[in-house]
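Data first, discussion second: the structure below is written as structure tokens.
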Amino acid sequence: MIDNSIQHIKNALSDLDKEMEKIVMNLTLSLKEKDNLMLPILLEKKVLKQTLEDLEYLKANPPAPDQPCGISKYRND
0 MIDNSIQHIK NALSDLDKEM EKIVMNLTLS LKEKDNLMLP ILLEKKVLKQ
50 TLEDLEYLKA NPPAPDQPCG ISKYRND
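Counted from 1, the sequence shown has number 33 at position 34 by numbering that gives the first Met the number 0; the numbering is strictly sequential.
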């Protein structure tokens, strides 16, 4: 399951790279227009890269099956 997620993220990053390349190579756009088009792509890439790093870490260091998630220490009830 985690391998499938990792592959989907890698594919998405590749697609975003291609999209950015199209924007950069478009000579009809001004630099400001390119910046405006690329900013959301860069933000999406940042999130995907962090998610990929987290998934790869979890794949390499899986939690123990009986380990609690730890969220309860943040609850007040």
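Where a beta carbon is used, it is the ideal one built from N, C-alpha and C, also for glycine.
>> For a test of the three-state rule: what should DSSP assign to M37, helix, strand or coil?
In response: The residue you call residue 37 lines up with position 38 of the sequence shown. In the structure shown, M37 falls within a helical segment according to DSSP collapsed to helix, strand and coil.
> In this structure, does DSSP put M116 in helix, strand or coil?
Replying inline: A query on residue 116 cannot be resolved here, the shown segment of the chain reaching from 0 to 76 and no further.
>> I need the DSSP call for D14, collapsed to helix, strand or coil.
In response: Within the sequence shown, residue 14 is the residue found at index 15, counting from 1. D14: helix per DSSP, three-state reduction.
> Quick one, which of I22, L57, A11, L12 has its alpha-carbon nearest N35's?
Replying inline: Counted from its first residue, the sequence shown places residue 35 at position 36. Put simply, of I22, L57, A11, L12 the residue whose alpha carbon is nearest the alpha carbon of N35 is I22.
> Is Q65 helix, strand or coil by DSSP?
Replying inline: Position 66 of the sequence shown, counted from the start, is the residue given in the question as residue 65. It is worth fixing the name first, because residue 65 is Asp in this sequence and not Gln. The three-state reading of DSSP puts D65 in coil, since its state is none of H, G, I, E or B.
> What is the C-beta distance between N58 and I1, in whole angstroms, given that I count them as a contact (C-beta under 8 Å)?
Replying inline: For this step, residue 58 is matched to residue 59 along the sequence shown. For this step, residue 1 is matched to residue 2 along the sequence shown. Before going further, note that residue 58 is Lys rather than Asn in the sequence given. Right, their Cβ atoms sit about 5 Å apart.
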